[in-house]
Amino acid sequence: MINRELLQPKSIVVIGGSNNVHKPGGAVVRNLLQGGYQGTLRIVNPKEDEVQGIKAFHNASELPPTELAILVVAAKFCPQYVELLAKDKQTRAFIILSAGFGEETHEGALLEEQILDSCKKYGCSLIGPNCIGLLTRWHHSVFTKPIPHLSPKGVDFVSGSGATAVFILESAVSKGLQFNSVWSIGNGKQIGIEDVLQYMDEHFDVDTDSKVKLLYIENISNPDKLLYHACSLIRKGCRIAAIKAGSSESGSRAASSHTGAIASSDSAVEALFRKAGIVRCFSREELTTVGCIFTLPELKGKNFAIVTHAGGPGVMLTDALSKGGLNVPKIEGPEADELKSKLFAGSAVANPIDILATGTAEQLGIAIDYCEQRFEQIDAIAVIYGTPGLTQLYEAYEVLHQKMLQCKKPIFPILPSLHTAGPEVAEFLQKGHVNFSDEVTLATALSQIMRTPKPAPPEVQLYGIDIPRLNKIIFGLEQNGYVSPQTVRDILSCAGIPLVPEMVSTSKEELTAFANEVGYPVVAKVVGPVHKSDVGGVALNIRTAEHLALEFDRMMQIKDATAVMVQKMVKGTELFIGAKYEPRFGHVVLCGLGGIFIEVLKDVSSGLAPLTYEEANSMIHSLRGYKILQGTRGQQGINEQKYAEIIVRLSTLLRFATEIKEMDINPLLADADNVVAVDARILIEK
Numbered sequence: 073m074i075n076r077e078l079l080q081p082k083s084i085v086v087i088g089g090s091n092n093v094h095k096p097g098g099a100v101v102r103n104l105l106q107g108g109y110q111g112t113l114r115i116v117n118p119k120e121d122e123v124q125g126i127k128a129f130h131n132a133s134e135l136p137p138t139e140l141a142i143l144v145v146a147a148k149f150c151p152q153y154v155e156l157l158a159k160d161k162q163t164r165a166f167i168i169l170s171a172g173f174g175e176e177t178h179e180g181a182l183l184e185e186q187i188l189d190s191c192k193k194y195g196c197s198l199i200g201p202n203c204i205g206l207l208t209r210w211h212h213s214v215f216t217k218p219i220p221h222l223s224p225k226g227v228d229f230v231s232g233s234g235a236t237a238v239f240i241l242e243s244a245v246s247k248g249l250q251f252n253s254v255w256s257i258g259n260g261k262q263i264g265i266e267d268v269l270q271y272m273d274e275h276f277d278v279d280t281d282s283k284v285k286l287l288y289i290e291n292i293s294n295p296d297k298l299l300y301h302a303c304s305l306i307r308k309g310c311r312i313a314a315i316k317a318g319s320s321e322s323g324s325r326a327a328s329s330h331t332g333a334i335a336s337s338d339s340a341v342e343a344l345f346r347k348a349g350i351v352r353c354f355s356r357e358e359l360t361t362v363g364c365i366f367t368l369p370e371l372k373g374k375n376f377a378i379v380t381h382a383g384g385p386g387v388m389l390t391d392a393l394s395k396g397g398l399n400v401p402k403i404e405g406p407e408a409d410e411l412k413s414k415l416f417a418g419s420a421v422a423n424p425i426d427i428l429a430t431g432t433a434e435q436l437g438i439a440i441d442y443c444e445q446r447f448e449q450i451d452a453i454a455v456i457y458g459t460p461g462l463t464q465l466y467e468a469y470e471v472l473h474q475k476m477l478q479c480k481k482p483i484f485p486i487l488p489s490l491h492t493a494g495p496e497v498a499e500f501l502q503k504g505h506v507n508f509s510d511e512v513t514l515a516t517a518l519s520q521i522m523r524t525p526k527p528a529p530p531e532v533q534l535y536g537i538d539i540p541r542l543n544k545i546i547f548g549l550e551q552n553g554y555v556s557p558q559t560v561r562d563i564l565s566c567a568g569i570p571l572v573p574e575m576v577s578t579s580k581e582e583l584t585a586f587a588n589e590v591g592y593p594v595v596a597k598v599v600g601p602v603h604k605s606d607v608g609g610v611a612l613n614i615r616t617a618e619h620l621a622l623e624f625d626r627m628m629q630i631k632d633a634t635a636v637m638v639q640k641m642v643k644g645t646e647l648f649i650g651a652k653y654e655p656r657f658g659h660v661v662l663c664g665l666g667g668i669f670i671e672v673l674k675d676v677s678s679g680l681a682p683l684t685y686e687e688a689n690s691m692i693h694s695l696r697g698y699k700i701l702q703g704t705r706g707q708q709g710i711n712e713q714k715y716a717e718i719i720v721r722l723s724t725l726l727r728f729a730t731e732i733k734e735m736d737i738n739p740l741l742a743d744a745d746n747v748v749a750v751d752a753r754i755l756i757e758k
């Protein structure tokens, strides 16, 4: 729970506050004082009479009632302090900076439980333990530096790691990113990242609250809660970016299917973020860069103008934007000629607009004006402006400052001379701006933002899904494991997924009759071994009964063979759909190119069931091999609408069948008209 006493305490006591500002107990007192806390600040230190100018209490029992307590003492003493303060001093909020709890030992975990029990009994908020504290515009209850500039227009930052939070703040401060609050939740015994998001969502005020949230997450304990409140905040006008660390698996995992090998906890995180509309980042620099972008006017299109006086960085930015799916369109025509006439000879305006190293501050302003007012195809302006040390940049940066205040199109300032023009950059940042000192990092972050879809609507697409029949099929299964080919067909038919005609039998005569009925050519596959191709259990383009008979006899000799499947042979682009059940997250659905490409390229996109058509289309479009699906070198593209429909139907079916732990449909064969499932496996654990 998050209460007023935690956020706006009228009185604070630091248990373990000291005069040594090089230790947490002294540093947190220093930060509270330097932060201008307006309430009553008290200190408990048995060895000091005065701490940093404040009279100290030698024992907590001497304290008057105090709303918030910050504990900077050994872990073993924390439970008794929490009980005493909550019971006798009406303390209703605690920030425990101390380490040595559940993150280290079983005994420490028991101490945490005692603290949590006291907080539950008295209705107290608890941040930590093992954290750097809470930083707000009301009180600076952290023991670390840097303390960023705090502003209601700044970002809210929530971190599961104290040290990482400090390093992220270092990265942010150098860019000029301002903060509204910084939450370090530590072990998150009571208040986790999901709880902070819930509070921000349920108490969101569109007129006064920060609309940018940055997250550093090491563990998602409640994915549904994170998804719900992130979606809600974004729909209210917020923008969220996050790092999820610790998603890789140590060592390779033995897997019984392609999906099992590919779908990991990282796939679940990717799917969750995609569904929520959270921009995923992978480094501190990327997270703070995205945060800076979020503070600027929202980018409405993909066309950039680059205004610079240095050719090389303009070229690198052009390359990076193009690689990320953004455009640097050529600028030409009478208006471009007119702009060129106002610049020095040798300047270029085709885009990038290079005003030369000798270009003036006035010419910088003119180039920006043309991009804002005259070049209608331009959606945003990137300005690269540094110095080789020959001139000062105050005048140029003042022009840039004024244009950023006036222009409706977003302007991205790239000021690379952090050392040579340090004072000029610092003055520019003090006016409330941000700086992207590296153009490629900016382009990468922009591309990641543009690729992130909007939050998915909560409605489930139930049309055409036979849930009662599905439940009956699963209920009727007698044992766990991979189900028979016929059961696979029955389950897929519950979702209306088109299936290629097939028969499974141990009778050569039955299979020959089936082949004669559906017409040659046919495909024969061994039934039993999991990976048919690896054991020579697939024969394509069988055109005669005699050939089929030979293949039947050969396959029945393969180890673990129980039968042979014969299918009508169809042609098309091979696609893949898979799913894996992840505890707490639900089913992660994967799509991509099928056949051997799924193993070689691993070009897959993930989504969290149930999926909407918008999500399915976004997954398809995000594939690196999407151009193959569109059709290349004279080949027709696939029916994307039907592919998306199958993804949606399958995801809905899985929503009602948690017993399905893994599923592969590989391949589906697709052409311009149809998408048909050819081979599938389903693992069920009831």
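The numbering of the sequence shown is the working numbering, which starts it at 73 and goes up by one. In this text, a Cβ means the ideal position worked out from N, Cα and C, and glycines have one as well. Being a predicted model, the structure only gives us computed values, none of them experimental.
- In this chain, the beta strand (DSSP E) harbouring residue 212 covers 212–214.
- In the structure shown, residue 383 adopts helical secondary structure according to DSSP, grouped into three states.
- About 13 Å separates the CB atoms of residue 472 and residue 482; that is not less than 8 Å, and the two are not in contact.
- For the 8 Å CB-CB criterion, residue 169 and residue 230 do not form a contact.
- In the DSSP assignment, residue 663 falls within the unbroken beta strand (DSSP E) covering 658–665.
- DSSP places residue 300 within a helical segment (H, G or I) once states are collapsed to three.
- Counting along the chain, no alpha helix (DSSP H) covers residue 141; the unbroken beta strand (DSSP E) around it starts and ends at 140–143.
- With at least 16 other beta carbons inside 10 angstroms of its own, residue 435 counts as buried.
- Judged by DSSP secondary structure, residue 193 falls within the alpha helix (DSSP H) whose first and last residues are 178–194.
- Residue 240 places its beta carbon 8 Å or farther from that of residue 368.
- Secondary structure note for residue 205: its beta strand (DSSP E) is the uninterrupted segment 205–208.
- Checking the DSSP bridge columns, you'll see residue 575 partnered with 638.
- DSSP, read as helix, strand or coil, puts residue 375 in strand.
- Contact between residue 639 and residue 602 does not hold, since the beta-carbon distance rounds to 18 Å and is not under 8 Å.
- Using a Cβ distance threshold of 8 Å, residue 343 and residue 679 count as a contacting pair.
- Counting along the chain, residue 166 sits inside no alpha helix (DSSP H); it lies in the beta strand (DSSP E) bounded by residues 165–168.
- By a beta-carbon distance limit of 8 Å, residue 700 contacts residue 645. Their separation comes to about 7 Å.
- 8 Å or more divides the Cβ of residue 291 from the Cβ of residue 266.
- In this structure, residue 426 lies near residue 383, with their beta-carbon atoms less than 8 Å apart.
- Collapsing the DSSP output to three states places residue 599 in a strand.
- Residue pairing by DSSP places residue 485 opposite 455 in a beta bridge.
- Within 10 angstroms of the beta-carbon of residue 527 lie 16 or more other beta-carbons, which makes it buried.
- Within the same chain, and ignoring the five residues on either side of residue 289 in sequence, the residues whose Cβ sits closer than 8 Å to its Cβ are 232, 265, 314, 315, 316 and 317.
- Per DSSP, residue 353 is one residue of the beta strand (DSSP E) stretching across 351–353.
- The DSSP assignment places complete alpha helix (DSSP H) segments of no fewer than 4 residues inside the segment 85–168 at 96–106 and 150–160, in order along the chain.
- Exposed is the label assigned to residue 535, since fewer than 16 other Cβ atoms lie within 10 Å of its Cβ.
- In terms of CA proximity to residue 560, 755 leads the group 421, 249 and 755.
- Per DSSP, residue 309 lies in no alpha helix (DSSP H) segment and is marked neither H nor E.
- DSSP lists 658 as the beta-bridge partner residues of residue 654.
- For residue 228, DSSP records a beta bridge to 253 and 285.
- Taking the C-beta atoms as reference points, residue 443 is found nearer than 8 Å to residue 453.
- At a Cβ-Cβ threshold of 8 Å, residue 157 and residue 173 do not count as neighbours.
- In the three-state scheme derived from DSSP, where H, G and I count as helix and E and B as strand, residue 553 is classed as strand.
- Cα atoms of residue 390 and residue 516: separation of roughly 12 Å, rounded to the nearest angstrom.
- The DSSP-derived three-state label of residue 494 is helix.
- With a cutoff of 8 Å on beta-carbon distance, residue 200 and residue 258 are scored as near each other.
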